[in-house]
Every structure is written in C-alpha cells, then in structure tokens.
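Written below as structure tokens is the structure these notes are about.
2 protein chains.
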Amino acid sequence: MSITGTTRLFAIVGDPVAPLRSPALFNAAFARLGRDAAFLPMQILAGRLEESWPGLAAIENLDGLVVTMPHKEAVVPLLQALGPTARLTGTVNTVRRRAEGGFEGEMFDGEGFRDGLERAGHAPHGKKILQIGCGAAGRAIAFALARAGTAHLSLQDAAPGRAASLAAQLRRHVPQLSCSHEGAGIAGHDIIVNATPMGLRDGDPMPLDPTLLSRDQVVADVIPNPEVTPLIAAARALGCPTVTGRAMHEGQARLAAAWLGIEGWES
Amino acid sequence: MSITGTTRLFAIVGDPVAPLRSPALFNAAFARLGRDAAFLPMQILAGRLEESWPGLAAIENLDGLVVTMPHKEAVVPLLQALGPTARLTGTVNTVRRRAEGGFEGEMFDGEGFRDGLERAGHAPHGKKILQIGCGAAGRAIAFALARAGTAHLSLQDAAPGRAASLAAQLRRHVPQLSCSHEGAGIAGHDIIVNATPMGLRDGDPMPLDPTLLSRDQVVADVIPNPEVTPLIAAARALGCPTVTGRAMHEGQARLAAAWLGIEGWES
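These protein sequences, in sequence, are chains B and Z.
Residue 42 in this note's numbering is what sits at position 56 of the first sequence, and the numbering runs on without skipping anything.
Residue 140 in this note's numbering is what sits at position 154 of the second sequence, and the numbering runs on without skipping anything.
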C-alpha cells in the first residue's frame, strides 16, 4: 500500500487498539483491491468519544469508522441515523458518512458472529444455544441467533437483570423464539457461546466451568485476540468443536466492509 | 508499509490535501527506516480547525502533525507551547505531542526554504534578494534569509502594509539586516523568490513579469506542486538557474521530521 494526498481514510476507534486485527485485515483488502484507501487504528479513551466526535467528523477524507470497545454504546447519540440492528440493540460497530451530511451507524457484531458460526459449519438454525454475556456484543449476537432460527436460547449474565431484560426484548421482536434467562446449566445445549470479555486478559476467570462440557458441544468465543482463549483451549482438550473469535471478527469485517461500500472483499 | 493496531500516526492537516507530497515523502521514510508509523492526509476545511482540535488531540496514537494551508496561523492559539520561529512569525507548520500533555508547534517553512536553496548551491549569505509575498510562509522565509546573512532583502506584497510591517519586524529582530519594502525592481537582485501562492492553480497570474529577468538571476519558487510553475518555466526558458518548491518542501520535511523525533531521515 502507498498513502498519498489522495488516499481516503477509514479507522477503528477504541481502546486498547494495539491488539486489534481490523487494520491489518482492511489494509490487506485495500491492497488486494488496488484501492487508494487506508484503515487506521485511532486510540480514543473511554469517555472521550463525544469530545472527539466533531474533530473526526471534520476530517473530510475520513469515509467511515469501525467502533469497538469501549465506544459501541457511546457513539449512538452522536449519529444522525441508525440501521435496524443498531436501533434494536442500542449499539453500533460501524459508521459511514452520509451523502446528505452527518453519519449513520449499524451493528454487525451479531450477524458477524452468526456468519462466522455458519462458515465453520455450525449454523444456529434449530439448535439449542447457551449464551453467556448480554453486553453490547451479546445483545447483537442474541438477536442474530434469534433471527437465524435458533430453537432455544438460554441467556446468562453476571449483572443482575441484564439477561432477563434481553430475553424480554427478544420475545417482543422475535415472538417465535423460545428463550430463557435463568438457571440453565450447560448440559442439553448444542452450542455454548462466550459473549463476555473474559479471556481477553491474562488471568481472567473462565466464563464457565469447562469440566461440565461434553465433547459433542460446540464452543464458540467472541474474543479475537488471543485467538485461543483458555476456554477454547479447554474445549479443544476435551475434543469439542470450537469456533474462535477470529471467525466472528472476519464475519463482522466482511459485513462492515460491504456496508462501507468496499466492493470485492472476498474476491 | 503495513498498518496494524500498533501503528503510530502522523498527519498533515490542510485543504486541499490531494496535491500534497508530504504523505508520500514521510511514508517512504518510515518504510526505509522500518518504523511502525503512517503519515496521513487529513482534509480539514478553512475555519474548521478549532472545532476539530479536541478530536485530533484525543487520538492518543497521533504523535504529530504537519500543518499547511489554510491553517498555519489558525493553529497557533490551539497550542500549549511555541518554538522560537513560531513565536516570531505567528505561524506554525509542525506540531508535536508533549510528554507533559498538550501540543507544541514550530515553523519550518523558512528554514526549509533556506535549506533547499543552499543544497541547490545558492546560499543566501551575502546575496541581494527580492522576495515577493509576505504571508505565513513569506514571513518565515524572510526571517530565515535574514538570519542566514542575506546582504539586502527587498520585500513586496500586494496587500497594503504587509511588506512594511514585516520589514519593521525584521529590523527589530535582525538589526544588522539591510531591508527595504517598496519600489525595488527586479534588476540588481541575485535571487528572486516567489513566496505567493500564485502558480498553484491553472490560470494564476505570474507573481512578476518574467521578461524583466536576466539570465544571471536565480529564481526560486515555494510552490511544490506543480513543481514547474509558469514562473519557473519562464525563468528556465531565459536560462536562469531555478530552485523549485520541491527543494523547499524537502527541506521542510527534513527539518520537521528531525523535530518530530524521526531519526535517520537521510540515511
């Protein structure tokens, strides 16, 4: 790639940025496509997105942003328009400049996860799924699993009331979904999803007790880096099929790129 | 070059950005030095730098900026500290993040021009120089020529009073300088400097009547792109030695890079 005065910019805003894989993924795509564009890491600390927004908006050759931790909810009130999943979940992970001015946001974490799961050969349709973690990414994932025809979705979250509230919202929007939010053990589920940040940092506790897994259960994680979290490692040791956060991340990037007008991503 | 989550950022802010040569120049240096850094064009329109500043400042991995038209004066009040030439000229073309927080600015247009002139074999020391244009870049160039031991500096500017005001300031700060600001013709000068923006756009009038040049006069221009302005082309047709804006730009970039802590620029 070569950056000159004519290069169009995209960026991922978050903190930390050093472990992020999006810059390498998008820049490789730009190079492959011969597109005069660059995708940058922009480290913006928690609580500082609002003050930084007018500045980001004033960069005329900045065409779009990917938004990651800790800004996926904070960005929502700064935007002029929201896509359907962003409205439903109150979270945004991709922002594009509108022709009529201002910015529009949409959330692809959920559909990216679903896409990664399907490409790994574990389509959620008709499956019983246990999802641990109902934060920003978790909400989007639950909606995507519900829409994809999951037979039953069990939700858990350490924060009181969060799983119940998401379950209620899911029932309103996807009435055919069978959904529960308390007391479900690990047994009886076809797919176990970690949608918590546990595993991102060394020494994090496991999101679940892996000795309770059985080898026919698929274990999926949202953490892209490290790709093999302690949970994924434990599941593999037991012989469980696994889907890492890298699959979700590649799914997200694919969907975000298409929405940002980056054509030919998979050519 | 490859941009990942760990890449440090530098940028040039201005409008227009498409013709700027700094991104290519700095990124080639980063690649040569094996430095994990990228230099971006950031298009910010006239009058919008102030509102964009908190956002630029909030990008934690943005280590420095080059500032170009139309922001070289507008950036001054946004900074926490100024270098000596920035204080003297009220203009800034390079900004770096300070270890103690905030930003510091300095102006290298003048010394970059002087450096380019010297490297082209036309040191200003002891020379009689006519400088046309006393704006932001012109002020910095006049100070650099004065400090470098110019024998006599004749200043011209189409804006009433601007040449006189710069001449008075020069006399205060460089008392040994012989300096005039009115009525000097082209004849009798060893070096003629265009420090106006004329020549940047197609159809611009010439900053001076080239038929009045004689072939022993050096003609220098500040416009880096197009490198051969109509003035440079006319001077070459007459057989005059010429120094293009590219030499000034390379001088600026060299000095700015050193001040931004980019080591080994010329290795």
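Every residue, glycine too, gets a C-beta built ideally from N, C-alpha and C.
For A242 (chain Z), no CB of chain B lies under 8 Å from its own CB, so it is not counted at the interface with that chain. Below the 7 Å Cβ cutoff, chain B contributes no neighbours of Q238 (chain Z), its closest Cβ being approximately 15 Å away.
Any Cβ of chain B closer than 8 Å to the Cβ of P27 (chain Z) would place that residue at the interface, and such an atom is present. When the beta-carbon positions are compared, G107 (chain B) and A137 (chain B) stay at least 8 Å from each other. By the neighbour-count criterion, in which a residue is buried when 16 or more other Cβ atoms sit within 10 angstroms of its Cβ, R158 (chain B) is exposed.
It is roughly 48 Å from the alpha-carbon of G87 (chain B) to the alpha-carbon of G169 (chain B). DSSP places E37 (chain B) inside the alpha helix (DSSP H), whose first and last residues are 35 to 44. The secondary-structure analysis by DSSP pairs T228 (chain B) across a beta bridge with B:V205.
D143 (chain Z) is classed as buried because its beta carbon has at least 16 other beta carbons within 10 Å across all chains shown. Neighbours of M234 (chain Z) in chain B, taken as residues whose beta carbon is under 7 Å from its own, are absent, since the nearest beta carbon is some 17 Å off.
Closer than 8 Å to the CB of M(-13) (chain B) there is at least one CB belonging to chain Z. Put simply, the backbone Cα of D202 (chain Z) is about 39 Å away from that of R18 (chain Z).
The beta carbons of A15 (chain B) and I248 (chain B) sit closer together than 8 Å. Residues of the stretch 24 to 53 of chain Z whose Cβ lies closer than 9 Å to any Cβ of chain B, in chain order: A24, F25, L26, P27, M28, Q29, I30, L31, R34, L35, E37, S38, W39, P40, G41, L42, A43, A44, I45, E46, N47, L48. Bounds of any beta strand (DSSP E) do not take in D95 (chain B); it lies within the alpha helix (DSSP H) bounded by 95 to 105. With contacts defined by Cβ atoms closer than 8 Å, T75 (chain B) and A126 (chain B) form a contacting pair. If you draw a straight line from the Cα of G69 (chain B) to the Cα of G50 (chain B), it comes to about 15 Å. For N180 (chain B), no alpha helix (DSSP H) encloses it; the enclosing beta strand (DSSP E) starts and ends at 177 to 180. Selection B:L64, B:L194, B:R232 evaluated against G102 (chain B) yields B:R232 as nearest (Cα-Cα).
Counting along the chain, the unbroken alpha helix (DSSP H) around A123 (chain B) starts and ends at 122 to 133.
Residue-level contact check: V78 (chain B) does not touch chain Z, since none of the beta carbons of chain Z fall below 8 Å from its beta carbon. V208 (chain B) is a Cβ neighbour of N180 (chain B), given a cutoff of 8 Å. Contact check for L48 (chain Z) against A(-3) (chain Z) passes: the beta carbons are separated by less than 8 Å. Exclusion of the five residues before and after I172 (chain Z) leaves L116, I178, L194, L198, L199 as the residues of its chain whose Cβ lies within less than 7 Å of its Cβ. One Cα belongs to G33 (chain Z), the other to L42 (chain Z), and the distance between them is close to 15 Å. Contact between C165 (chain B) and R148 (chain B) is ruled out by a C-beta separation of about 14 Å, above the 8 Å threshold. The Cβ atoms of L65 (chain Z) and E90 (chain Z) lie closer than 8 Å to each other. Collapsing the DSSP output to three states places L31 (chain B) in coil. By a beta-carbon distance limit of 8 Å, L246 (chain B) does not contact T(-7) (chain B). Their separation comes to about 15 Å.
The C-beta of D188 (chain B) has fewer than 16 other C-beta atoms within 10 Å across all chains shown, which makes the residue exposed.
At a beta-carbon threshold of 8 Å, the residues of chain B lying near A4 (chain Z) are G(-9), T(-8), ordered along the chain.
The beta carbon of L19 (chain B) does not come within 8 Å of any beta carbon belonging to chain Z, so the residue lies off that interface.
At least one beta carbon of chain Z lies nearer than 8 Å to the beta carbon of A10 (chain B). Put simply, the CB of L(-5) (chain B) is near chain Z, with a gap under 8 Å to one of its CB atoms. Following the DSSP letters along the chain, one finds S(-12) (chain B) in no alpha helix (DSSP H), marked with neither H nor E.
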